[in-house]
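The sequence shown: position 26 = 26 (full-length UniProt numbering), numbered continuously.
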Amino acid sequence: LGMTRAGINKHIKTLRSWGIDIHTVAGQGYQLDAPMNLLNSERVNRGIQGAPARVIPVIDSTNQYMIQ
């Protein structure tokens, strides 16, 4: 990543201050306590007008999805 351990630790502390549960794994690094849901379709749709947005967790190709 091109970062020192101290630099990474600083970012981990910031994420923890935001309430994100991150655990230290001895000899390996860090891991999330649980998967993160970064997009919430209900919140997105409250902020837009027109056609509703749809959140798809995993998609192979957005272009192929739109063609179908």
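Every residue, glycine too, gets a C-beta built ideally from N, C-alpha and C.
Next item on the list: Give the secondary structure of residue 31 by DSSP, where H, G and I count as helix, E and B as strand, and everything else as coil.
Entry: strand
Notebook entry, point to check: What did DSSP end up calling residue 14 once you bin it into helix, strand or coil?
Noted result: helix
Notebook entry, point to check: Can you tell me whether DSSP reads residue 58 as helix, strand or coil?
Noted result: coil
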